[in-house]
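Engineer: No gaps in the numbering here: position 58 of the sequence shown is 590 in my numbering, and each next residue is one more.
Positions of the beta carbon are idealized from the N, C-alpha and C atoms, including for glycine.
What you are looking at is a predicted structure, and each value in this text was computed from that prediction instead of being measured.
Have a look at the structure that comes next, please.
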Amino acid sequence: MKLLTLNFLSCAVKACKSSSASFPLHPKDCELESAEIAPNPKLLFNILPRIDWDALVVTASELGFTSLKATPPTNEELEGDEKMMTDLHTLLLETQIMEGSLVCANCGHEYKVKEGIANFLLPNHLV
Ligand SMILES: [Zn+2]
């Protein structure tokens with residue numbers, strides 16, 4: 533799963549829906565892989581407004597990417613900064629979580645990631 537996906541997932545446990553701690557999920561013991569994808573500035577410009585930047589900064593730093601600024605770049609800033617463009621492209625579109633877990637900070641549930649696919653099925657007692 534792409535790292536970008538984490539920006540759109542929160543814990544599926546009912547009691548966590550109302551908790552701000554259920555987003556973003558926190559990667560744990562994750563194995564990353566980088567898939568080379570052709571740069572696509574238009575796609576990045578489209579994605580950026582939909583991203584929860586604060587959550588992205590958290591996720592990125594937990595996975596060892598520390599080059600993100602605290603505030604999202606404007607399109608103009610991004611256009612004038614090739615390094616930032618490349619970094620975001622690498623981070624959002626090329627970086628994949630292959631193995632590991634995604635942990636909810638509210639309930640502690642761990643969603644397993646296997647072969648790049650996160651399992652969001654909950655055990656019966658949590659549904
Ligand atoms: Zn939860």
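Tell me which residues share the same chain as P556 and place their Cβ nearer than 7 Å to its Cβ, disregarding the 5 neighbours each side in the sequence.
Structural biologist: L538, N539, A587, V590 and T591.
Engineer: What are the partner residues of T627, as DSSP defines its beta bridges?
Structural biologist: DSSP lists S566 as partners of T627.
Engineer: To the nearest angstrom, how far is it from the Cα of K560 to the Cα of F597?
Structural biologist: Roughly 15 Å separates the two Cα atoms.
Engineer: Under the rule that 16 or more other beta-carbon atoms within 10 Å means buried, what is I569, buried or exposed?
Structural biologist: I569 is exposed by the Cβ-count criterion.
Engineer: State the beta-bridge partners of G612 as determined by DSSP.
Structural biologist: Answer by DSSP bridge pairing: none, since G612 is not bridged.
Engineer: So, using beta-carbon positions, are L653 and L536 closer together than 7 Å?
Structural biologist: In this structure, L536 does not lie closer than 7 Å to L653 by Cβ.
Engineer: Taking buried to mean at least 16 other C-beta atoms within 10 Å of its own C-beta, is T509 buried or exposed?
Structural biologist: Only positions 533 to 659 of the chain appear in this structure, which leaves residue 509 out of reach.
Engineer: Can you tell me the Cα-Cα spacing of C639 and C548, whole angstroms?
Structural biologist: Near 7 Å, if we compare the C-alpha coordinates of C548 and C639.
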